[in-house]
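All remarks here apply to the structure that follows.
Number of protein chains: 2
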Amino acid sequence: MTEMLPPGSVIGILGGGQLGRMLSVAAARLGYRTHVFEPAANPPAAHVAEKVVTAPYDDAEALRAFAGGVDVITYEFENVPTAALDLLESLRPIRPNRRALAVSQDRILEKDFLSGIGLTTAPYAAVDDDESLEAALAHIGTPAILKTTRLGYDGKGQARIMDRSDAPAALAEMRGAPAVLEGFVTFTREVSVIAARGLTGEVAAYDPGENVHVGGILSTTTVPATLTPGERTDAVLLAARILNALDYVGVMGVELFVTAGGLVVNEIAPRVHNSGHWTQNGCAVDQFEQHIRAVAGWPLGDGTRHSDVVMENLIGNDILKVPAIAREANAALHLYGKAEARAGRKMGHVNRIRTSG
Amino acid sequence: MTEMLPPGSVIGILGGGQLGRMLSVAAARLGYRTHVFEPAANPPAAHVAEKVVTAPYDDAEALRAFAGGVDVITYEFENVPTAALDLLESLRPIRPNRRALAVSQDRILEKDFLSGIGLTTAPYAAVDDDESLEAALAHIGTPAILKTTRLGYDGKGQARIMDRSDAPAALAEMRGAPAVLEGFVTFTREVSVIAARGLTGEVAAYDPGENVHVGGILSTTTVPATLTPGERTDAVLLAARILNALDYVGVMGVELFVTAGGLVVNEIAPRVHNSGHWTQNGCAVDQFEQHIRAVAGWPLGDGTRHSDVVMENLIGNDILKVPAIAREANAALHLYGKAEARAGRKMGHVNRIRTSG
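First to last, the protein sequences are chains B and C.
Using UniProt numbering, you'd call the opening residue of the first sequence number 1 and step up by one each time.
Using UniProt numbering, you'd call the opening residue of the second sequence number 1 and step up by one each time.
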């Protein structure tokens, strides 16, 4: 058995958005303090963390001071610059590890990795220019989707190619960045598995949630998902295979397409995941606490679901619905404390608990 | 309809213990920030509040600065000195109001108030000296319990009088403080109602919890309590009567004895209450959020219980059980981040969720 991080220890979190905020609260619930590193001023996590370091990721002095004040480092997003990670890793353990980050930062590395451990992904091919795009389209066909290999999320850095005439415009949207062409996958539904692996190698997974995206952004997650028992088992085993192959420590979100031919891995996120927010009101140990448990060397929670939940994101002006939602029975609101509601900005979410009564 | 406190507003909390800590987290979940006023250094709430003011309650300058930084003031304990409240009240609204505080700060005022609205309490009489104690014992009989009228909690400032020969020692334990002699109540069980009243006067109550005390300190709360339907209804109506009579805004804990002759009010606490911690894992809106909702002018959550829960306090060395509890299914830990485990000190609690499956 590994050592549990002593009570009162400090967990460093890279990134101060809503995920960092909810990680901070979970860490406090287990008796830990948190320091947050975030370039932007007044981030959501600042309201609940013991300390916030406001500095860019190329400020070596700030990174050193941050590392000096914490016992272990984790992160709320996968696009932390490599040089910052190199420096931090020389000072404190980073969990999940660098390999998980490297794989998930690059769509081609990610798909190579997933294929390499025997999992199915969408057909894909690297694209740098007109010529490689032409070759990729010949191989994959249309419709297809062109994505930058790095730094894309919530539908940004993506362009659909419905037929070959769309190709030049799609390539222009990549703005010269390395890209990957992915074939469309015909799926009946999208699900995700939120899984965790502890320091000792134990794995625990939550029941898969069924996701609905609107405009490339997650809108709702419903648990339980509509899956056959076989699909449910496959989804969880597949997630466990990914975690074990990466010697992973922490929570990971694994997005899957359910197809007639089986499960296809869409992408992985080496962190707590929006599609796991339902666990806050469906489980004794939610994904945020599960992540902190893993990072702090605790035994994992078992992931049992005590209630069915529908999670709905509150995006942009959805925040105006809060007074009405506040009056609903069995609706648990989670707001992120963001001052300004911009279009597409995640302002909060609501977990609607379905009781059997 | 009243105004809801705008998102991003600051709620001031007097007291930085575990109740203040959990209030801070709940406020954050609704998009608010918190500032905590606490004389002691490094209080539990400091880890999750945006700001902490460390100063004694007689530091007028610190109180003024604190009030200047917040939009509304609430508190986690009822023994805030009167002069501090006078100053704060001149600067910002205090919720719950001063009357609730005055009543609950003094056992005689409290019992006079409760009797005055037609509720049953233990028989009681004021005691200042040998003579008044003698008269009180003649009226109430033995066994009885002598308590200081103010500042008692968790069994402190109390002395049992099993027969008259115990009287001098009991009085000595009061150290000259005004006291009240209370008759013993023969009860089958102790329950408490956690109830809330909003700014508009709406009242909501959670299902009563059944409490077991050990050594004068709450050990467990079990929900649902073993009550007849009539007792359950009486308990909730009685709590509502108290809240309405005080024009109360916020959450109150009402401790009751269940007797053959009906419900007897033991005491009231004008704040979130240890016996309401189960709501964190049994309800969509827990007592901490309910209190913040009331204080911030939100509609109240309806208090529906989605799961049955047994809450167990982790006191002193109970903290050593944490690694074992961490392995239990459906056990939700809540630790307070206190550095040192002293005998009788509340270090955390665990909510064990009972699933029907």
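C-beta: ideal position from N, C-alpha, C; glycine also.
Predicted model, so just to flag it, every value in this text is computed and none were measured.
Identity of the residue in the options nearest residue i by Cα
i                : options                                : result
GLY337 (chain C) : C:GLY20, C:HIS47, C:SER9               : C:HIS47
VAL310 (chain B) : B:TYR248, B:HIS273, B:VAL285, B:HIS349 : B:HIS349
VAL185 (chain B) : B:THR74, B:LEU238, B:PRO93, B:VAL265   : B:VAL265
PRO56 (chain C)  : C:PHE66, C:ALA49, C:GLU50              : C:PHE66
ASN351 (chain B) : B:PRO299, B:LEU335, B:ALA343, B:PHE113 : B:LEU335
PRO229 (chain C) : C:ALA245, C:LEU243, C:VAL258           : C:VAL258
GLU312 (chain C) : C:HIS213, C:ALA339, C:GLN287, C:ALA41  : C:HIS213
GLY261 (chain B) : B:ASP234, B:VAL70, B:ILE140            : B:ASP234
ASP58 (chain B)  : B:GLU289, B:LEU19, B:VAL80             : B:VAL80
PRO143 (chain B) : B:ALA172, B:GLU182, B:GLY69            : B:GLU182
VAL249 (chain B) : B:THR220, B:LEU237, B:LEU300, B:ASN330 : B:LEU300
GLU289 (chain C) : C:ALA329, C:TYR206, C:GLU231, C:VAL322 : C:TYR206
TRP211 (chain B) : B:GLY276, B:ALA84, B:LEU114            : The sequence given here has Asn at residue 211 (chain B), not Trp. Minimum Cα distance to ASN211 (chain B) is reached at B:GLY276.
GLY69 (chain B)  : B:MET162, B:VAL295, B:SER9             : B:SER9
LEU5 (chain B)   : B:VAL272, B:ILE292, B:ALA329, B:VAL223 : B:ILE292
ALA329 (chain B) : C:VAL322, C:LEU238, C:ALA204           : C:ALA204
PRO93 (chain C)  : C:SER24, C:LEU199, C:ARG175, C:ASP128  : C:LEU199
MET347 (chain B) : B:LEU227, B:ARG21, B:VAL127            : B:ARG21
LEU218 (chain C) : C:ASN274, C:GLU202, C:GLU61            : C:ASN274
PHE77 (chain B)  : B:LEU87, B:SER90, B:ALA102, B:ALA60    : B:ALA102
Chain-ordered neighbours of residue i on chain C, where CB pairs are closer than 7 Å
i                : result
ALA329 (chain B) : ASP302, THR304
ALA339 (chain B) : GLY8
Below-7 Å beta-carbon distance, residue i vs any chain B residue
i                : result
ILE353 (chain C) : yes
ARG33 (chain C)  : yes
PRO229 (chain C) : no
SER307 (chain C) : yes
TRP298 (chain C) : yes
ARG241 (chain C) : no
Partner residues on chain B for residue i, Cβ-Cβ distance less than 7 Å
i                : result
ASN281 (chain C) : ALA284
Chain-order list of residues whose beta-carbon lies under 6 Å from that of residue i (same chain, five-residue window excluded)
i                : result
ARG160 (chain B) : ILE145
ARG99 (chain C)  : LEU246
ASP163 (chain C) : THR142
Chain B contact residues for residue i, given Cβ-Cβ distances below 9 Å
i              : result
MET4 (chain C) : VAL322, PRO323, ALA326
Coil, strand or helix - residue i by DSSP
i                : result
ASP166 (chain B) : helix
LYS51 (chain B)  : strand
LEU171 (chain C) : helix
GLY12 (chain B)  : strand
LEU146 (chain C) : strand
LEU19 (chain B)  : helix
VAL295 (chain C) : helix
LEU263 (chain C) : strand
GLY276 (chain B) : helix
LYS338 (chain B) : coil
ALA125 (chain C) : strand
GLU312 (chain B) : strand
PHE37 (chain C)  : strand
THR82 (chain B)  : helix
MET1 (chain B)   : Only weak support is given to the placement of MET1 (chain B): the predicted model assigns it a pLDDT of 45, under 50, and the value that follows is read from those uncertain coordinates. Coil.
GLY230 (chain B) : helix
HIS213 (chain B) : strand
ARG352 (chain C) : strand
ILE161 (chain B) : strand
GLU89 (chain B)  : helix
Chain C contact for residue i (CB, 7 Å cutoff)
i                : result
HIS334 (chain B) : yes
GLU50 (chain B)  : yes
GLY20 (chain B)  : no
Beta-carbon neighbours of residue i, restricted to chain B and to distances below 8 Å
i                : result
PRO178 (chain C) : Within chain B, no residue comes near PRO178 (chain C); the closest Cβ sits about 39 Å away, beyond 8 Å.
Own chain residues within Cβ distance below 7 Å of residue i, not counting five before or after
i                : result
PRO7 (chain B)   : GLY31
ALA122 (chain C) : GLU182, GLY183, VAL185, VAL264
GLY357 (chain B) : For GLY357 (chain B), the pLDDT reaches just 45, beneath the cut-off of 50, and the residue's location in the model is therefore unreliable, leaving the point undetermined.
GLU173 (chain C) : ALA159
TRP278 (chain B) : GLY209, THR221, VAL223, VAL309, MET311, ASN351
8 Å Cβ cut-off: residues of chain C touching residue i
i                : result
ALA294 (chain B) : Correct list: empty, because the minimum Cβ distance to chain C is about 12 Å.
Nonlocal neighbours in the same chain, by C-beta distance under 8 Å from residue i, ignoring five residues either side
i                : result
ARG342 (chain B) : GLY316
ARG241 (chain C) : ILE117, GLY118, LEU119
LYS321 (chain B) : LEU314
Within chain C, the residues that residue i reaches when beta carbons sit closer than 9 Å
i               : result
VAL25 (chain B) : VAL25, ALA28, ARG29, VAL48
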